[in-house]
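A.B. asks: One structure is given below, represented as C-alpha cells, and several questions about it will come after.
Protein chains: 2
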Amino acid sequence: MTQKTDTTVTGRITRTLADRIIAGEIAPGTKLRQDHFAEEFGASHVPVREAFRRLEAQGLVVSEPRRGVRVASFDIAEVREVAEMRASLEVLALRHAAPHLTSAILDTAEDINRAGENAKDVREWEDANKAFHRIILEPCNMPRLMASIDDLHAASARFLFSGFRMEWEAPTDQDHRAILRALREHQFDVAAATLARHVKWIGTKPGKNSRKLSAL
Amino acid sequence: MTQKTDTTVTGRITRTLADRIIAGEIAPGTKLRQDHFAEEFGASHVPVREAFRRLEAQGLVVSEPRRGVRVASFDIAEVREVAEMRASLEVLALRHAAPHLTSAILDTAEDINRAGENAKDVREWEDANKAFHRIILEPCNMPRLMASIDDLHAASARFLFSGFRMEWEAPTDQDHRAILRALREHQFDVAAATLARHVKWIGTKPGKNSRKLSAL
DNA sequence: ACAATAAAAATTATCTATAAAATTGGAAAT
DNA sequence: ATTTCCAATTTTATAGATAATTTTTATTGT
Chain A
1 MTQKTDTTVT GRITRTLADR IIAGEIAPGT KLRQDHFAEE FGASHVPVRE AFRRLEAQGL
61 VVSEPRRGVR VASFDIAEVR EVAEMRASLE VLALRHAAPH LTSAILDTAE DINRAGENAK
121 DVREWEDANK AFHRIILEPC NMPRLMASID DLHAASARFL FSGFRMEWEA PTDQDHRAIL
181 RALREHQFDV AAATLARHVK WIGTKPGKNS RKLSAL
Chain B
1 MTQKTDTTVT GRITRTLADR IIAGEIAPGT KLRQDHFAEE FGASHVPVRE AFRRLEAQGL
61 VVSEPRRGVR VASFDIAEVR EVAEMRASLE VLALRHAAPH LTSAILDTAE DINRAGENAK
121 DVREWEDANK AFHRIILEPC NMPRLMASID DLHAASARFL FSGFRMEWEA PTDQDHRAIL
181 RALREHQFDV AAATLARHVK WIGTKPGKNS RKLSAL
C-alpha cells in the first residue's frame, strides 16, 4: 500500500509505526496506547486512531473493540500461510506480467538482484528482494493484486527481521537468477514454478524462534 | 471480515455503508461526505472517518488525502482481476481444507447449495453462494487467507449486484455439485480445477454495463 | 492467605470546536 | 464569450474536552 499518505499526520504516523513493527522494534503482543503515540508525534489521538485502523488492515496490529490494539503476534503457521499466499498470488501476477516484460526491465531486475547479493545487512537485502519481486510483477497491471502482494511482503519482512529465517544469502538470489533466465527465454511456466518454489521455501526455514512470539 | 464490530458506533457505520455499497445502493464514484453520514447516524464525523478507513481497506471506497472518499469505481478489468485472485486463493484454501472435510460438512454444503437453487432473488442466491464457498474453505484453518477471500467475495457480490453478471442460475450451482462430488471421492485435484474454472467463469460473463461505472 | 467486590485510575470511544485545505461562485480583464 | 484570479463557502483534518468502559488497586469477608 505504497501511496503518498505522508502529506497528512495520519499518514506519517501510519508509516512510522508500520516501519517500526516490521523492523521488529515493537515486540509482537505489545499494547499500543493512543495517548502515548499522540504525545510522541505531537498530535492528538484522533490521527493515531486512524493510523491504527490502517495498520489493522495491513495485519500489523489486531484490534479488540474498547480494549485497544496490540502488535499482531505470529507463529510458524502464519509464516507458512503468508508464504503460500504469496506463492499463489505472485505466480498469478507473473503470468499476467510476463508478456509485458521487456529486456530493459529484466536488466534492471538483474541490477537489483546484484545489489541484493552485495547487501551489508538483512534490511538492505530485504529492500532489494522486495524491489526485485515488484519490478517483475508490476507489469501485470493489476493494482488490487499488487496491493495484496505488498501487504504480504510487509508481513514476510516482519518474519524475516524477527529471526524466523536467518539465511538470506546465496540460494535466494540464485533463484532470482533462474527466474530471470526463464523469463528471457520465454519459458513462463518454468519461471512461474521457480517463483512458487522460491517463495514457499522462505516459509520453510524456521530460525530459532519457532514458538509463538508475543510479549508478556 | 465478519467480526463483531457492532458494539461500537464505528462498527455499525462501517457495516451499514459496506452493505449499501455492495448492494449498489450508492453508485460508484459517489462522493461520501462525512458530515452527511454523521448526521444520518446521529454521530459525530470522527467515527464516520474511521468507518471510511475500514471501507478503504476492503477496497469499497478510495480515499484521496484532503479530498475525501468516494465509492470505488470498477470496470471489466477489475472484475476479471478479482475473479483471478479468488480462483488462486480459493484453490489454495481448498487444497488445505480438503483433508479436514468431513462428510457432515459436505452434507451441509449440499443443503446450502439447494437453498441457492431455490433462491428468489440475486441477493438470496449470493448469500447461499458465499456460504457454500465459505463452508468448504474454512477448514483450511488459515485466517489471513480467509479474510482476503472474504474481501474478494464482497467485491464479487458488488459486481454481481451492479448487473455485471446477470446469470446466476443453473450452471453455477451445477459446478458446486461437481465440486462436492469430487471432494467426496477424494479427487482433490479435480475439485480444485473445477473450483478454479467455476470462479474464473464468473468474471467472464459481462452483462450490459461493460463501461467504466462511475457517477457523473 | 485467598476470593470476591467495590472504589479509583487509566484508557478507549465519542463529541464539540477549530484550523487548514479544497471547492465554488463571481467579478475583472482580455 | 472566455479565462484568470480572488473571496466566500464548504469540507476535510486535527485538537481539545467529555463520556463510557476497562483495568487496576484496595478492601472486606471467609
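Protein chains in written order, with the UniProt record's numbering: chain A, 1 to 216; chain B, 1 to 216.
In this text, a Cβ means the ideal position worked out from N, Cα and C, and glycines have one as well.
Name the chain A residues whose beta carbon is nearer than 7 Å to that of residue 223 of chain B?
C.D. replies: Limits of chain B in this structure are 1 at one end and 216 at the other, which puts residue 223 of chain B out of reach.
A.B. asks: Are the stretch 9–16 of chain B and the stretch 41–61 of chain B touching by the rule of at least three beta carbon pairs closer than 8 Å?
C.D. replies: Result yes; three or more Cβ-Cβ pairs closer than 8 Å.
A.B. asks: Can you say whether threonine 7 of chain A is buried or exposed, counting buried as having 16 or more other CB atoms within 10 angstroms of its CB?
C.D. replies: Counted from its first residue, the first sequence places residue 7 of chain A at position 7. By the 10 Å Cβ count, threonine 7 of chain A comes out exposed.
A.B. asks: Give the interface partners of arginine 54 of chain B over in chain A, defined as CB-CB distance under 9 Å, in chain order.
C.D. replies: Position 54 of the second sequence, counting from 1, holds the residue named residue 54 of chain B. The contacting residues are Arg53, Glu56 and Ala57.
A.B. asks: By DSSP, does glycine 24 of chain B sit in helix, in strand, or in coil?
C.D. replies: One-based indexing of the second sequence puts residue 24 of chain B at position 24. DSSP places glycine 24 of chain B in coil when its eight states are reduced to three.
A.B. asks: By Cβ distance below 7 Å, which residues in the same chain neighbour valine 199 of chain A in space, the five residues on each side in sequence not counted?
C.D. replies: As a first step, residue 199 of chain A must be located in the first sequence, where it is residue number 199. Ala83, Arg86, Ala87 and Glu90, listed in sequence order.
A.B. asks: Just grab the DSSP bridge partners of leucine 32 of chain A for me.
C.D. replies: Locating residue 32 of chain A in the first sequence gives position 32, counting from the first residue. According to DSSP, leucine 32 of chain A bridges with A:Val69.
A.B. asks: Is the stretch 127–135 of chain A touching the stretch 18–37 of chain A, taking contact as three or more C-beta pairs under 8 Å?
C.D. replies: Output reads no: the stretch 18–37 of chain A does not touch the stretch 127–135 of chain A.
A.B. asks: Contact between the stretch 90–101 of chain A and the stretch 134–153 of chain A is defined here as three or more beta-carbon pairs at a separation below 8 Å; is this criterion met?
C.D. replies: Yes: the two stretches touch, three or more of their Cβ pairs being nearer than 8 Å.
A.B. asks: Apply the 10 Å Cβ neighbour rule to proline 143 of chain B and answer buried if 16 or more other Cβ atoms are within range, or exposed otherwise.
C.D. replies: One-based indexing of the second sequence puts residue 143 of chain B at position 143. Under this definition proline 143 of chain B is an exposed residue.
A.B. asks: Per DSSP, what kind of secondary structure is phenylalanine 41 of chain B in: helix, strand or coil?
C.D. replies: Numbered from its first residue, the second sequence carries residue 41 of chain B at position 41. Phenylalanine 41 of chain B falls in the coil class under three-state DSSP.
A.B. asks: Tell me the DSSP secondary structure of serine 156 of chain A in three-state form.
C.D. replies: Reading the first sequence from its first residue, position 156 is the one you call residue 156 of chain A. Helix.
A.B. asks: So what does valine 62 of chain B bridge to, in DSSP terms?
C.D. replies: Numbered from its first residue, the second sequence carries residue 62 of chain B at position 62. Valine 62 of chain B is bridged to B:Arg70.
A.B. asks: Please name the residue in B:Val9, B:Ile22, B:Leu17 and B:Ala18 whose C-alpha comes closest to that of valine 122 of chain B.
C.D. replies: Numbered from its first residue, the second sequence carries residue 122 of chain B at position 122. Considering only alpha carbons, the answer is B:Ile22.
A.B. asks: Going by beta carbon distance, what residues of the same chain come within less than 7 Å of phenylalanine 161 of chain B, once the five residues before and after it are set aside?
C.D. replies: Translated into positions along the second sequence, residue 161 of chain B becomes position 161. Ile22, Ala23, Gly24 and Val122.
A.B. asks: Is glutamine 187 of chain B helix, strand or coil when you go by DSSP?
C.D. replies: What you label residue 187 of chain B is simply residue 187 of the second sequence in a count that begins at 1. Three-state DSSP puts glutamine 187 of chain B in coil, outside helix and strand.
A.B. asks: Around the Cβ of glutamine 174 of chain B, are there at least 16 other Cβ atoms within 10 angstroms (buried) or fewer (exposed)?
C.D. replies: Position 174 of the second sequence, counted from the first residue, corresponds to residue 174 of chain B. Exposed.
A.B. asks: Over the uninterrupted alpha helix (DSSP H) stretch that includes asparagine 118 of chain A, give me the two end residues.
C.D. replies: Within the first sequence, numbered from 1, the residue matching residue 118 of chain A stands at position 118. No alpha helix (DSSP H) holds asparagine 118 of chain A; DSSP gives it neither H nor E.
A.B. asks: Kindly list, in the order they appear in chain A, the residues whose Cβ is closer than 8 Å to that of serine 148 of chain B.
C.D. replies: Within the second sequence, numbered from 1, the residue matching residue 148 of chain B stands at position 148. Met85 and Ser148, listed in chain order.
A.B. asks: Just the C-alpha distance for leucine 81 of chain B and glycine 163 of chain B, rounded to the nearest angstrom, thanks.
C.D. replies: As a first step, residue 81 of chain B is located in the second sequence; it is residue number 81 there, counting from the start. As a first step, residue 163 of chain B is located in the second sequence; it is residue number 163 there, counting from the start. Note that residue 81 of chain B is glutamate in the sequence shown, not leucine. Rounded to whole angstroms, glutamate 81 of chain B to glycine 163 of chain B spans 17 Å at the Cα level.
A.B. asks: Leucine 180 of chain B and alanine 109 of chain B: beta carbons closer than 8 Å?
C.D. replies: Taking the second sequence and counting its residues from 1, one reaches residue 180 of chain B at position 180. Taking the second sequence and counting its residues from 1, one reaches residue 109 of chain B at position 109. Yes, Cβ-Cβ distance for leucine 180 of chain B and alanine 109 of chain B is below 8 Å.
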